[in-house]
Each structure stands twice: as C-alpha cells, then as structure tokens.
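To start, the structure itself, in structure tokens.
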Amino acid sequence: MSKKTENVNQITEGVIWKQLLIFFFPIMLGTLFQQLYNTADAVVVGRFVGTQALAAVGGSTGQVSNLVVNFFVALSSGATVIIARYYGAKNKKDLNDTLHTAAALSLVGGLLTSVAGILLAPTLLGMMKTPADVMADSVLYLRIYFAGIIFVFIYNVGSAILRAVGDSTRPLYFLIVCCFINIFLDILLVVGCGMGVAGAALATVASQAVSAILVIHALIKSTDMYRLEPKAIRFHKFLLISIVTIGLPAGIQSIMYNISNIIIQTSLNSLGTNTMAAYTAFGKIDAIYWMISGAFSVSIITFISQNYGAGKYSRMKKSVKVCLLLDLIASLLVSALLLFTGEFLLRLFTTDPEVIQIGMKIIHIIAPSYVLFIFIEILSSALRGMGNVLVPMLMTCTGVCLLRIFWIFLAVPHWPGVETILMSYPISWGLTAFLFVIYYYWDQKKFYKTHTEEKETED
Numbered sequence: 005m006s007k008k009t010e011n012v013n014q015i016t017e018g019v020i021w022k023q024l025l026i027f028f029f030p031i032m033l034g035t036l037f038q039q040l041y042n043t044a045d046a047v048v049v050g051r052f053v054g055t056q057a058l059a060a061v062g063g064s065t066g067q068v069s070n071l072v073v074n075f076f077v078a079l080s081s082g083a084t085v086i087i088a089r090y091y092g093a094k095n096k097k098d099l100n101d102t103l104h105t106a107a108a109l110s111l112v113g114g115l116l117t118s119v120a121g122i123l124l125a126p127t128l129l130g131m132m133k134t135p136a137d138v139m140a141d142s143v144l145y146l147r148i149y150f151a152g153i154i155f156v157f158i159y160n161v162g163s164a165i166l167r168a169v170g171d172s173t174r175p176l177y178f179l180i181v182c183c184f185i186n187i188f189l190d191i192l193l194v195v196g197c198g199m200g201v202a203g204a205a206l207a208t209v210a211s212q213a214v215s216a217i218l219v220i221h222a223l224i225k226s227t228d229m230y231r232l233e234p235k236a237i238r239f240h241k242f243l244l245i246s247i248v249t250i251g252l253p254a255g256i257q258s259i260m261y262n263i264s265n266i267i268i269q270t271s272l273n274s275l276g277t278n279t280m281a282a283y284t285a286f287g288k289i290d291a292i293y294w295m296i297s298g299a300f301s302v303s304i305i306t307f308i309s310q311n312y313g314a315g316k317y318s319r320m321k322k323s324v325k326v327c328l329l330l331d332l333i334a335s336l337l338v339s340a341l342l343l344f345t346g347e348f349l350l351r352l353f354t355t356d357p358e359v360i361q362i363g364m365k366i367i368h369i370i371a372p373s374y375v376l377f378i379f380i381e382i383l384s385s386a387l388r389g390m391g392n393v394l395v396p397m398l399m400t401c402t403g404v405c406l407l408r409i410f411w412i413f414l415a416v417p418h419w420p421g422v423e424t425i426l427m428s429y430p431i432s433w434g435l436t437a438f439l440f441v442i443y444y445y446w447d448q449k450k451f452y453k454t455h456t457e458e459k460e461t462e463d
C-alpha cells in the first residue's frame with residue numbers, strides 16, 4: 005500500500021468488529037459535521053433573529069431539501085455498491101468508468117435540480133401549508149439553497165466514492181474544515197451583517213462549495229485505482245444503467261420516506277408556529293441518532309459490496325450480525341441521552357417554554373422507538389450491497405411510508421394532536437422491522453445455497 009493510501013481500511017481482512025468501527029467512526033463524525041451545517045443555521049437564526057426565522061430554516065424547507073438531496077444520494081448509492089465491488093475484485097477499468105459516470109451524474113443532476121428548485125420553491129412550500137408568517141423567509145432560504153445544490157451533489161458523490169474504496173477519513177477532514185467555515189460565515193452574515201435567513205443560506209452554500217472543491221481535488225490527485233480525470237467525465241451507458249438499476253429503488257424508497265415525512269410536517273404545520281419550531285428543534289437533536297444509523301448503513305453497504313467482490317461470503321454474513329449488535333447498543337445509548345437531557349438540548353435552539361414543552365412530548369414518543377429502526381436500516385443496506393434492492397424497497401414503501409400516510413389521514417382526524425401524528429413513527433417502524441427480519445432470514449438461506457465461497461482465513 006502506498007503512503008498516500010495508508011488511511012484506506014482493509015475491509016476484506018482483519019477482525020470484523022474492529023474494522024467496522026475503524027470505518028464507522030469517521031463516517032459518523034463526518035455526518036455530525038455535515039449536520040452542523042444546518043444546525044449552526046438554526047442556532048444562530050433562532051437565537052439572533054427569532055422563532056419565525058428558526059421555523060423558516062427548518063420545518064418545511066428542511067423537508068423539501070432533504071427529499072431532493074436524499075433521493076440523489078440514494079440514487080448514487082448504486083455507484084457506491086458497484087465501485088466497492090470492483091475495488092474488492094481489483095477491477096481497475098470498470099471501477100474508473102463507474103467513477104466518471106457517477107461524476108457526470110452529479111453534474112447533470114445538480115444543474116437540473118438547481119433550476120427546478122428555484123422555480124418551484126413557492127409552490128412546494130405552499131403545498132405543505134407553510135404558515136404565512138414564515139413563507140417569505142422560507143422561500144428565500146430554499147431558493148438560495150437550491151442555487152448551490154450542485155455542490156452538495158458533487159461532494160456526496162465524491163465522498164461516496166472515497167468511502168466505497170475504504171477511505172472514510174478524508175471526507176471527515178473536509179467536513180470539519182467546512183463546518184467551521186459555515187459557523188464563521190453564519191455569525192458574520194447573520195449577526196454581523198444582519199442578513200437573517202439569507203445570510204444563513206449563503207453561509208451554508210459557500211461552505212458546501214468548499215467541501216466539493218476539496219473532494220474533487222482528492223480524487224484528481226489519487227494514486228490508487230480510483231483517479232478522477234476531468235476530461236474523462238462522461239456517461240458510460242451500461243454502467244449508468246447498472247447504477248440506476250441499483251440506485252433507483254433506493255431513491256424511490258428515499259422519496260417515499262420524505263413524502264411521508266412531508267405529510268407529517270404538513271399536519272404539524274397546521275398546529276401553529278410553536279409546534280413547527282419545536283419539531284424543527286427536535287429534528288436537529290434527532291439527527292444524533294440518524295447520523296449514527298446512517299454511518300452504520302454506509303459501513304455495512306461497503307463491507308458487503310467489497311467482500312462480495314472478493315468472494316468472501318461468510319465474512320459478509322458475520323459483518324451483518326456484528327453491525328446489528330453495534331447499532332443496537334448505539335441506539336439504546338442515544339435514546340437514553342435524549343430522554344434524560346432533552347430539555348437542555350432543546351434550550352440550545354429556543355428559550356420559549358411552550359416550544360420546549362412540545363419538543364419534550366415529541367422526544368418521549370420517538371426516542372424509545374429508535375431500536376426498531378435498526379433492523380430496517382442495517383438489513384436493507386446489507387441486501388442493497390448484495391444487489392437485492394427491489395423487495396427491500398417494496399417492504400419499506402409499504403410498511404413505513406404508506407402505513408404512515410394512512411395513519412395521518414385515518415387516525416389524526418379522530419384524535420388530533422402532536423401525540424397522534426408522531427405515533428405513526430413507532431407503529432410503522434415496528435411493522436417494517438418485523439417484515440425485514442423474516443425476509444432477510446429467508447433470502448440469506450437462498451443466497452448461501454447458491455454461492456460457494458473460496459478458501460479464506462477466518463477472523
């Protein structure tokens with residue numbers, strides 16, 4: 005291994021739990037710093053501008069931006085699976101062609117999304133029943149965010165490529181740098197220049213542009229199998245189809261998640277600005293769990309894909325069990341943290357006692373249910389890493405998304421309130437987790453009957 009690639013983990017070798025954690029922690033910390041982009045916006049705006057501005061930079065704008073970004077990230081996960089598989093198999097040519105196809109996808113997708121988002125921002129926010137007193141600021145924030153969304157796409161594809169080949173460290177370094185840039189610009193533009201939500205949006209876009217530049221530079225300067233050649237960026241038809249075949253079901257799944265969350269957000273918006281602000285503040289705290297769960301998801305996809313490419317099938321099976329156990333422990337710890345320190349955490353975003361009271365209601369409903377979601381996250385990610393994407397998508401869309409939507413339209417009219425709306429989360433997670441455990445057990449029995457493993461050293 006060259007000096008420049010010493011930070012690349014040997015995912016197909018070594019003790020599984022150690023390698024998983026070595027790979028996991030940089031991803032988790034990177035997700036933390038990425039989350040701090042919007043959290044810094046929320047803290048600065050909530051403290052120095054007010055409750056309405058806090059609702060504008062979170063709430064509906066957060067749901068819309070998450071829908072778009074999460075769809076693209078899920079779509080590009082097809083590239084992650086393929087690149088990791090080719091890297092495990094040491095197939096340099098196909099790896100590089102996939103890399104350049106993914107880069108082209110980020111550029112084209114970013115430009116098209118930017119134009120559509122700027123034009124449709126008022127319509128989307130209106131459909132979500134965004135309160136009139138926050139509509140103008142919400143539209144302004146969302147339009148500025150969409151103007152720079154190409155940087156988000158470029159960074160996410162670039163960092164996904166690095167993680168697919170086992171390098172989870174450099175994306176972390178890039179995000180640490182950009183997070184501090186974002187915080188500095190938030191204070192400068194919002195507090196110093198009095199630019200309000202526009203300043204917060206500009207700070208986020210500028211810092212995301214820096215992260216995109218850093219990840220592009222890392223790929224261009226790579227001396228390993230994966231090297232980005234700007235002149236070679238183009239679509240390779242077969243590989244584009246492969247990326248879409250794996251990534252599109254994940255993208256549809258992501259859209260369904262976000263649509264159900266938007267419907268929930270719309271229901272909460274109808275309860276007033278205080279409820280909207282409380283849910284926005286909770287969303288920033290709730291991100292602690294999602295950054296951990298998401299990091300385990302990326303880790304297991306990479307482990308499964310690389311070991312699949314290397315023909316190490318028993319190592320794949322062990323990796324899933326270890327990852328489930330680690331995620332279970334982490335979920336219990338996060339649930340306890342939120343339940344015991346929730347009020348203190350909410351006060352970081354607002355001092356309004358009514359908003360804090362509503363926020364604590366939300367925490368008591370959702371935090372104890374995190375343990376249910378780990379089975380959905382880890383098992384669906386493991387199946388995706390093996391190329392099985394259709395059935396997990398159908399189970400998630402039905403069990404989580406459609407059930408959640410039915411709950412909002414059938415139960416909430418009879419028992420209106422925050423508690424009824426948010427009970428849709430534990431109910432849908434519990435049912436879908438049960439379905440995934442049964443399907444995964446059946447699918448793995450079939451998989452290991454049809455795959456013969458080469459000799460390998462057991463951990």
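The opening residue of the sequence shown carries number 5 in the working numbering; numbering runs sequentially from there.
Heads up, the beta-carbon is just placed ideally off N, CA and C, and yes, glycines get one too.
Leu36 versus Val72, Ile180, Gly66 and Gly62, residue with shortest Cα-Cα distance: Reading the sequence shown from its first residue, position 32 is the one you call residue 36. Relative to the Cα of Leu36, the nearest Cα in the group Val72, Ile180, Gly66 and Gly62 belongs to Ile180.
Less than 8 Å separating the beta-carbons of Ala57 and Ala164? Position 53 of the sequence shown, counted from the first residue, corresponds to residue 57. Position 160 of the sequence shown, counted from the first residue, corresponds to residue 164. Taking 8 Å as the Cβ cut-off, Ala57 and Ala164 do not qualify as a contacting pair.
Suppose contacts are defined by Cβ-Cβ distances below 8 Å. Is Tyr374 in contact with Val338 by that definition? Along the sequence shown, read from residue 1 onward, the residue named residue 374 stands at position 370. Along the sequence shown, read from residue 1 onward, the residue named residue 338 stands at position 334. Yes; because the gap between Cβ atoms is below 8 Å, this pair is in contact.
Who are the Cβ neighbours of Met295 in its own chain at under 7 Å, not counting the five residues just before and after it? Numbered from 1 along the sequence shown, position 291 holds the residue referred to as residue 295. Met32, Thr35, Leu36 and Gln39.
Suppose the cutoff is 6 Å on Cβ atoms and the five residues either side in sequence are ignored; what does the same chain contact list for Leu128 look like? Taking the sequence shown and counting its residues from 1, the one referred to as residue 128 is at position 124. Val68.
By Cβ distance below 6 Å, which residues in the same chain neighbour Phe239 in space, the five residues on each side in sequence not counted? As a position in the sequence shown, residue 239 is number 235, starting the count at 1. Excluding sequence positions up to five before and after Phe239, its CB lies within less than 6 Å of the CB of Thr105 and Ala108, all in the same chain and listed in chain order.
Reducing DSSP to helix, strand and coil, say where Thr9 ends up. Position 5 of the sequence shown holds residue 9. With a pLDDT of only 42 at Thr9, under 50, the local geometry of the prediction cannot be trusted, and no value is derived from it.
Delimiting residues of the alpha helix (DSSP H) encompassing Ser172: Here residue 172 refers to the residue found at position 168 of the sequence shown. No alpha helix (DSSP H) contains Ser172, which DSSP labels as neither H nor E.
Mapping the DSSP letters down to three states, classify Gly3 as helix, strand or coil. Past the boundaries of the shown model lies residue 3; the chain is included only from 5 to 463, so the question cannot be answered.
Report buried or exposed for Tyr149, applying the criterion of at least 16 other Cβ atoms within 10 angstroms of its Cβ. For the purposes of this step, residue 149 is taken as residue 145 along the sequence shown, with counting starting at 1. With 16 or more other Cβ atoms within 10 Å, it is buried.
So, with DSSP's three-state summary, where would you put Leu352? Taking the first residue of the sequence shown as 1, we reach residue 352 at position 348. Coil.
For Asp101, name the three-state secondary structure that DSSP assigns. Numbered from its first residue, the sequence shown carries residue 101 at position 97. Per DSSP, reduced to three states, the secondary structure at Asp101 is helical.
Measuring CA to CA, which of Glu233, Ser226 and Ser271 is closest to Ile425? For the purposes of this step, residue 425 is taken as residue 421 along the sequence shown, with counting starting at 1. Selected option, being the one with the closest Cα: Ser271.
In chain order, what residues of the same chain have a beta carbon less than 6 Å from the beta carbon of Phe451, not counting five sequence neighbours either side? For the purposes of this step, residue 451 is identified with residue 447 of the sequence shown, where counting begins at 1. Annotation for Phe451: no residue places its beta carbon closer than 6 Å to its own, counting only its chain and skipping 5 residues before and after.
Ignoring anything shorter than 4 residues or poking outside the segment 364-445, list the alpha helix (DSSP H) runs there in chain order. The qualifying runs are 374-389, 394-400, 407-414 and 422-426.
In this structure, does DSSP put Arg231 in helix, strand or coil? For this step, residue 231 is matched to residue 227 along the sequence shown. When secondary structure is reduced to three states using DSSP, Arg231 falls in the coil class, being assigned neither helix nor strand.
How would you label Gly66, buried or exposed, when you count the other beta carbons within 10 angstroms and need 16 or more for buried? Taking the first residue of the sequence shown as 1, we reach residue 66 at position 62. Buried, by the Cβ-count rule.
Find out if the Cβ-Cβ distance for the pair Val72, Asn160 is shorter than 8 Å. Stepping through the sequence shown from its first residue, residue 72 is reached at position 68. Stepping through the sequence shown from its first residue, residue 160 is reached at position 156. Between Val72 and Asn160, the C-beta spacing is not below 8 Å.
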